[in-house]
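Number 53 in the UniProt record's numbering belongs to position 53 of the sequence shown; there are no gaps in the numbering. To start, the structure under review is shown below, and the notes come after it.
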Amino acid sequence: MSTLKLADVVPTTQGPEVTGLSLDSFRMQMRRDPNAPKPFKIGFQNFYVRAELVRWAKGRKAASIARCTK
């Protein structure tokens, strides 16, 4: 794994903005989904890799659309 830059990571507080979910929905989905990206800790703050969050959000949206169009 290559070294991450600050632009590549997102603090937990900005996770909902990246995924397009509300804060409560983001927290619930992250706890509920076993395939959700796992945070890592730097000091006292949890961070997510931005690319993993975006990929996860796109997959959830595509699955939701597929369920609705059946």
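Backbone N, C-alpha and C define an ideal beta-carbon position, used for all residues, glycine too.
| query | result |
| --- | --- |
| Alpha helix (DSSP H) segment containing Q45, residue limits | No alpha helix (DSSP H) holds Q45; the beta strand (DSSP E) holding it covers 45-49. |
| Residues sharing a beta bridge with I65, DSSP | In DSSP, I65 forms no bridge with anything. |
| Inter-residue CB distance, D8 and V54 (contact presumed, cutoff 8 angstroms) | Contact doesn't hold; Cβ gap of about 11 angstroms is too wide. |
| Distance CB(P37)-CB(N46) smaller than 9 angstroms | no |
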